[in-house]
Ligand SMILES: Nc1ncnc2c1ncn2[C@@H]1O[C@H](COP(=O)(O)OP(=O)(O)OP(=O)(O)O)[C@@H](O)[C@H]1O
Ligand SMILES: [Mg+2]
């Protein structure tokens, strides 16, 4: 029975080839949208999660509101909130160090400075830190050329990728001289191009030794500290203790915020989740349009085949038999369309991510689209569902036709 | 004495309402027994097709009762009617009415698929039936690739596929030449000789003469004509 229905449906589709192809295309586009959006969304999750989860033993302590992830669009990076004039003290740092389970604490000083190279002035974000935590914080993979600063280095800097390649008309190389706030520094290292979602953005910074930084700015304000813990399971409770200690030190309830990576991860994932939902909603509209297309085609086909339907009923087809023929036809069209859609979606998402990488959109995230069995399954399921839903009404109309149609002639 | 396969009790059919009301068939009571060979004659528009469509369960009478094999079909729902059409009746139409997208074999096999016959058995039986109507060499041809006479023979094979006890043929030779026509009538006579009930509408007095009974319809009134 089913085999015959397939045969009938296939022959009907073939009989009306160009119309079928157009209908098929509609559903293919809808499914393509869904597949590629899910692949890109999945890839985005992977990219962000991969980069952040290696930092799950890290707590960022800042004054005020803490770290903002709201600006996390397509990998804008995580940024500190505005300088609010509140800073961490040496005593705060010492107290954090004393909390049970804390492995070590890194502090860094930061400020905005004017950098001059070849007579061009730009404003840059300058960071001063001890050389020891510097090595802990940045690895070899973070450096494009040159090296980090060593103990005893003076007037040497490490510059961000963008500072080296984007900020000035000419690229800056190792050994190049940059004046910061009027003082001469030699470029010792250049940071590599960074993926998005990195916890310490390096692309627009200039890194100095703590000594140089203090001499240059006269500042010794600590705006944030990076805390590593021994046991990942304790990370949340330690973060809470840190907040308590510092708030106590300053006698203020919300003086400091200790943010764990997992909470950042969660908020980023929820942002991506919302984005995916919105994109999927848009894709669903494409599918609704496609199913209206199928319904329209099938209704036309039912009208054209009034006589054939009458014949089938006259030779003994039940309403159910007739309905099944049309529903299977609908499913066949939408599943074939959906299969093309999935294939287009796989290639399409690859193309989109390649395009994004080339145009520099997405903040340098290396987005590898991920096609999961779930998303393929979902796409197939949606195709079948669309096929059934959109053919239900035409099939019902067909089933209701009278066998007398077989002997009615124009 | 053979049993009655078709019994009509005062069945009538009217089309339309008021001024355009047509009494296509007037209160007709008639018994048709198993193995009968009946020719229905009458002028154009007299109600022959109307009568055939009613006893073929394609249409419902406006009033009266119709029994097929003892079952009162006026009481049946659509599904049950479909079952009667499938199991008890083989309909042969004037214009063949084959499904244009299917080849001869598939057309014959289709009605068996509605009866739930297994694919393999269906093909075997369809081949046998097409062989019986001399179309073994045309099995994979579509209707558009067959002559009128050939198409009608495919239709006969299809009508026989579910082994019905009643074969209804409404002007089966109306659209074919004389030679093909007599061949088709020959097949129908063979079928009747095997014990099936055959009812055929015809305009041809020579064909009518070969039937066991002749029913004449005039203005919707059915009367027996002595052969
Ligand atoms: N669906 C319909 N609606 C209205 N009137 C109809 C309908 N079908 C048939 N009629 C009328 O009923 C009458 C009987 O028609 P029917 O088709 O039974 O005649 P027939 O004897 O088969 O004629 P023919 O030899 O031309 O085939 C005719 O007057 C016809 O116009
Ligand atoms: Mg007629």
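Protein chains in written order, with the working numbering: chain A, 1 to 410; chain B, 411 to 637.
For every residue, glycine included, the Cβ atom is placed at its ideal position computed from N, Cα and C.
Have a look at residue 212 of chain A and residue 170 of chain A and give me their C-alpha separation to the nearest angstrom.
-> 26 angstroms
So what does residue 623 of chain B bridge to, in DSSP terms?
-> Under DSSP, residue 623 of chain B shares a beta bridge with B:448.
Classification of residue 92 of chain A by the beta-carbon crowding that lies within 10 angstroms, buried from 16 upward = buried
Residue 303 of chain A versus residue 402 of chain A: straight-line alpha-carbon distance, rounded = 13 angstroms
Interface partners of residue 15 of chain A on chain B, CB under 9 angstroms | 510, 511
What do you reckon, is the C-beta of residue 505 of chain B under 7 angstroms from a heavy atom of ligand 2?
-> Between ligand 2 and the CB of residue 505 of chain B, the shortest heavy atom gap is not smaller than 7 angstroms.
Using 8 angstroms as the threshold, is the region 110 to 124 of chain A in touch with the region 213 to 230 of chain A, meaning 3 or more CB pairs across them?
-> yes
Pick from A:336, A:44, A:63 that is closest to residue 23 of chain A, judged by C-alpha positions = A:336
From residue 564 of chain B to residue 507 of chain B, what distance separates their C-alpha atoms?
-> Rounded to whole angstroms, residue 564 of chain B to residue 507 of chain B spans 10 angstroms at the Cα level.
Please list, in chain order, all residues of the same chain as residue 447 of chain B whose beta carbon is under 6 angstroms from its beta carbon, the five residues on each side excluded.
-> 602, 608, 621, 622
Spell out the partners DSSP gives residue 433 of chain B in its beta bridges.
-> B:424
Just the C-alpha distance for residue 405 of chain A and residue 283 of chain A, rounded to the nearest angstrom, thanks.
-> 41 angstroms
Ranges of the alpha helix (DSSP H) found wholly within the region 132 to 180 of chain A, counting only runs of at least 4 | 161 to 165
From the DSSP output, which residues share a beta bridge with residue 628 of chain B?
-> B:631
Got a sec: is the Cβ-Cβ distance from residue 330 of chain A to anything in chain B below 8 angstroms?
-> no
Under 8 angstroms between C-beta atoms, does residue 520 of chain B make it to chain A?
-> yes
With which residues is residue 120 of chain A paired in a DSSP beta bridge?
-> A:117
To the nearest angstrom, report how far apart residue 432 of chain A and residue 261 of chain A are at their CA atoms.
-> Absent from the structure is residue 432 of chain A, since the part of chain A shown begins at 1 and ends at 410.
Rounded Cβ spacing between residue 550 of chain B and residue 517 of chain B (contact assumed at less than 8 angstroms) | Between residue 517 of chain B and residue 550 of chain B the Cβ distance is about 11 angstroms, and since that is not below 8 angstroms, they are no contact.
Check whether the region 385 to 399 of chain A touches the region 286 to 298 of chain A, taking contact to mean three or more Cβ pairs, one atom from each stretch, closer than 8 angstroms.
-> In short, these stretches touch, since the Cβ pair count reaches three.
Are the C-beta of residue 297 of chain A and some C-beta of chain B separated by less than 8 angstroms?
-> no
Return the bridge partner residues of residue 517 of chain B from the DSSP annotation.
-> Looking at the DSSP output, residue 517 of chain B sits in no beta bridge, so it has no partner there.
Give the C-beta separation of residue 442 of chain A and residue 162 of chain A to the nearest angstrom, bearing in mind that I take them to be a contact with Cβ-Cβ under 8 angstroms.
-> A query on residue 442 of chain A cannot be resolved here, the shown segment of chain A reaching from 1 to 410 and no further.
Cβ neighbour criterion (16 or more within 10 Å) applied to residue 119 of chain A | exposed
Neighbouring residues (CB closer than 5 angstroms to any heavy atom of ligand 1) | B:425, B:432, B:434, B:454, B:455, B:456, B:457, B:458, B:459, B:460
Nearest to residue 570 of chain B (by Cα), restricted to the options B:421, B:500, B:473 = B:500
Confirm the yes/no value for this check: CB of residue 395 of chain B, any heavy atom of ligand 2, distance under 7 angstroms.
-> A question about residue 395 of chain B goes unanswered here, because the residues of chain B that appear run from 411 up to 637.
In three-state terms, what does DSSP make of residue 185 of chain A?
-> strand
Taking 8 angstroms as the cut-off, decide whether the C-beta atoms of residue 372 of chain A and residue 90 of chain A are in contact.
-> no
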